[in-house]
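Undergrad:
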Amino acid sequence: MSWEESTRQKMLHLKLPTDPRWVGIAEMQIEDILVDHAYCEQKAASSCISLILRFNELDELVDTLTPIVAEEWGHFERVMDQIRKRGMNFGKPRKDEYVIKLNEFVKKGGSRREHLTEHLLMNALIEARSCERFKLLSKNIADEELQKFYYELMISEAGHYVTFIELARKYYDADKVNKRWQEWLDYEAQVLKNMDLRGDRMH
1430 MSWEESTRQK
1440 MLHLKLPTDP
1450 RWVGIAEMQI
1460 EDILVDHAYC
1470 EQKAASSCIS
1480 LILRFNELDE
1490 LVDTLTPIVA
1500 EEWGHFERVM
1510 DQIRKRGMNF
1520 GKPRKDEYVI
1530 KLNEFVKKGG
1540 SRREHLTEHL
1550 LMNALIEARS
1560 CERFKLLSKN
1570 IADEELQKFY
1580 YELMISEAGH
1590 YVTFIELARK
1600 YYDADKVNKR
1610 WQEWLDYEAQ
1620 VLKNMDLRGD
1630 RMH
């Protein structure tokens, strides 16, 4: 069995696993990874806040996403602790080519519920890919503290992934959500396949 097939069976339905060379490159650029990761956690919190503000009439959505905002910000604080304790600098945000490409796939127009579904599925996909990357880091880097750190975050991100999918199915037709989710997965695999392999980005 190829490493791709073996990894695919253990992932959250992602169609293309991360190239295993990424971990070694990322480990050599761990400061860049941690800084980029910190900004990813900020963006995750901001994305949930945006959905809460735009769809404030959906009580379950608001009540479900509010603790995720707090959790993502808590992750940001934890990443910052790792940066500071290593004497690293929290640099400027970097261009997130991965998320830019995903945004291009969001359907324009349609109903509010369709719009909500698109953003919930995109968020789920980002969480799933983050979970996979955290797992790779937790199992393969030499730093034992970061191994434990990324294992803990891997578990959390997996929970967020499930939550976003479940919310999408609650607020829109489940069959349509499942069909669209497969389209998102196929698209994301192509995005990853066509991106340069670099170790200074979490995605």
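For the sequence shown, the numbering used here begins at 1430 and goes up steadily by one.
Ideal Cβ positions, reconstructed from N, Cα and C, are used throughout, including at glycine.
Going along the chain, which unbroken runs of the beta strand (DSSP E) with 3 or more residues stay wholly within the region 1474 to 1526?
TA: Those beta strand (DSSP E) runs which fall completely within the region 1474 to 1526 and span 3+ residues do not exist here.
Undergrad: Considering only C-alpha positions, which residue in the set Y1600, M1624, D1572 is nearest to E1460?
TA: For the residues Y1600, M1624, D1572, the minimum Cα distance to E1460 belongs to D1572.
Undergrad: Report the three-state DSSP secondary structure of D1604 (helix, strand or coil).
TA: Residue state, collapsed to three classes: helix.
Undergrad: Per the contact definition of three or more C-beta pairs closer than 8 Å, is the region 1613 to 1621 in contact with the region 1577 to 1595?
TA: Too few Cβ pairs lie closer than 8 Å, so no.
Undergrad: For H1466 versus L1614, is the C-beta distance shorter than 9 Å?
TA: No. Outside cutoff.
Undergrad: According to DSSP, simplified to helix, strand and coil, what is I1594?
TA: Residue state, collapsed to three classes: helix.
Undergrad: Where does P1446 land, buried or exposed, given buried means 16+ other C-beta within 10 angstroms?
TA: Label assigned to P1446: buried.
Undergrad: Can you tell me whether T1546 is buried or exposed, with buried defined as 16 or more other CB within 10 angstroms of its CB?
TA: Label assigned to T1546: buried.
Undergrad: Within the continuous alpha helix (DSSP H) that includes T1546, where are the two ends?
TA: First-last of the alpha helix (DSSP H) with T1546: 1541 to 1569.
Undergrad: Going by C-alpha to C-alpha distance, which of A1557, C1469, K1537 sits closest to R1523?
TA: Nearest option by C-alpha distance: C1469.
Undergrad: Between the alpha carbons of K1536 and G1516, how many angstroms are there, rounded?
TA: Approximately 43 Å between the Cα atoms of the pair.
Undergrad: Determine whether the beta carbon atoms of A1597 and L1549 lie at a separation below 9 Å.
TA: A contact, by the Cβ cut-off of 9 Å.
Undergrad: Can you tell which of N1569, W1610, K1472 has the C-alpha that lies nearest to the C-alpha of W1502?
TA: Among N1569, W1610, K1472, the Cα nearest to that of W1502 belongs to K1472.
Undergrad: Could you check what DSSP says for G1636 in three-state terms: helix, strand or coil?
TA: It is not possible to answer for residue 1636, since the shown part of the chain is limited to 1430 through 1632.
Undergrad: Below 8 Å, can you find three or more Cβ-Cβ pairs linking the region 1585 to 1600 to the region 1488 to 1496?
TA: Touching, yes, given that three or more Cβ pairs across the two stretches are closer than 8 Å.
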